[in-house]
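Numbering (UniProt numbering), first residue to last: 1 to 295.
Dropping the structure here:
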């Protein structure tokens, strides 16, 4: 029928750039907590139930009375191409004074997608003073923050300058730098934020990193890909996990590629995220037994 498309399957699951990463880390045994603002609806309850299953602390979540929770509709066609439709809901309403700074300052790393940007920038400034590392993984290019997310390009850049780690896709890196290759983009990003370790995900190629004045290409693991939704978030799980374990940046990025590969074998952003045993088995099966024993 013209104008009508039939779907072969449908999955409703919890998501979000930060939420996915936290759930993935919790499955690996890391103590993590989510700070954000949710609506007063069934989607919030579903999100919290998923956090509860994975072991993510959500005691500092605040709620918008009568508000709506962010919802993203993702369609994946037969060729694996995706289309996103986003309803932002209450996500932009989180005010700086609603964040428990003492709680965030107790962390080793503050992970943020910069939404809402003003609050994220405020928190990053404050926790940085307490010695907390800032890990910025933007949810969109800076022009979209300005157009739809109530954030300015200036504040986007300020948050980048506070970052100890900056992790993003080549699509977003290219939008920031106007570079046409990942190597040019990572070099340009380093010029913008020389204080940060940088990772750019490059799909089936893996990722490109800039760390200790060195650019490195870290290759992807070949798997039978079912769905790439959330692959970048899965990469961040491995990168964060490696850094928390004290591994060097390249090895941490390799873990990111491994977890992204595992995730891509399942539909949805979270269903394919592995536990520690599954990660070790995957690494061992790909010839990284020493690394498997280290994680």
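Where a beta carbon is used, it is the ideal one built from N, C-alpha and C, also for glycine. Source: prediction; values computed, not measured.
Between which two residues does the beta strand (DSSP E) holding residue i run?
i           : result
residue 49  : No beta strand (DSSP E) contains residue 49, which is instead part of the alpha helix (DSSP H) from 42-54.
residue 2   : First-last for residue 2: undefined, no H or E at that position.
residue 280 : Not the beta strand (DSSP E): residue 280 falls in the alpha helix (DSSP H), residues 276-285.
residue 90  : It is not in any beta strand (DSSP E) - residue 90 carries neither H nor E in the DSSP assignment.
residue 74  : 71-76
residue 168 : 165-169
With a CB to CB cut of under 6 Å and the five nearest residues on each side skipped, what residues in its chain are close to residue i?
i           : result
residue 274 : 262
residue 135 : 109, 111 and 165
residue 170 : 182, 200 and 202
residue 119 : 94 and 96
Take the Cβ of residue i as the centre, count every other Cβ of all protein chains shown within 10 Å, and call the residue buried at 16 or more, exposed below.
i           : result
residue 198 : buried
residue 340 : Because the chain spans 1 through 295 in this model, residue 340 falls outside it and cannot be assessed.
residue 103 : exposed
residue 224 : exposed
residue 145 : buried
residue 29  : exposed
residue 209 : buried
Take residue i and list the residues in its own chain whose beta-carbon comes closer than 8 Å to its own, dropping the five residues that flank it on each side.
i           : result
residue 93  : 37, 64, 67 and 116
residue 276 : 27, 28, 29 and 295
Among the residues of its own chain, which have a CB less than 7 Å from the CB of residue i, if the five just before and after it don't count?
i           : result
residue 125 : 162
residue 226 : 264, 265, 266 and 267
residue 284 : 292
residue 121 : 155, 158 and 159
Specify, as a first and last residue, the run of the alpha helix (DSSP H) that residue i falls within.
i           : result
residue 27  : 17-27
residue 137 : Per DSSP, residue 137 belongs to no alpha helix (DSSP H) and is neither H nor E.
Under 6 Å: does the beta carbon of residue i sit that close to some heavy atom of the ligand SAM?
i           : result
residue 124 : The model on display carries no ligand, and the ligand SAM is accordingly not part of it.
(message) Whether or not the region 250-260 and the region 203-220 are in contact is what I'm after, with contact meaning three or more pairs of Cβ atoms, one per stretch, closer than 8 Å; do they touch?
(response) yes
(message) For the structure I just gave you, are there three or more beta carbon pairs, one from the region 141-156 and one from the region 123-132, closer than 8 Å?
(response) no
(request) Say whether the region 26-37 touches the region 51-63, bearing in mind that this needs 3 or more beta-carbon pairs closer than 8 Å, one atom from each stretch. (result) yes
(request) Determine contact between the region 224-243 and the region 16-26, defined as no fewer than three beta-carbon pairs at a distance below 8 Å. (result) yes
(message) Please give the ranges of any beta strand (DSSP E) in the region 190-253, keeping only runs that are unbroken, at least 3 residues long and fully inside the region.
(response) 197-201, 206-211 and 214-219
(request) Could you name each continuous beta strand (DSSP E) segment of 3 residues or more that falls completely within the region 95-128, going from the start of the chain to the end? (result) 109-112
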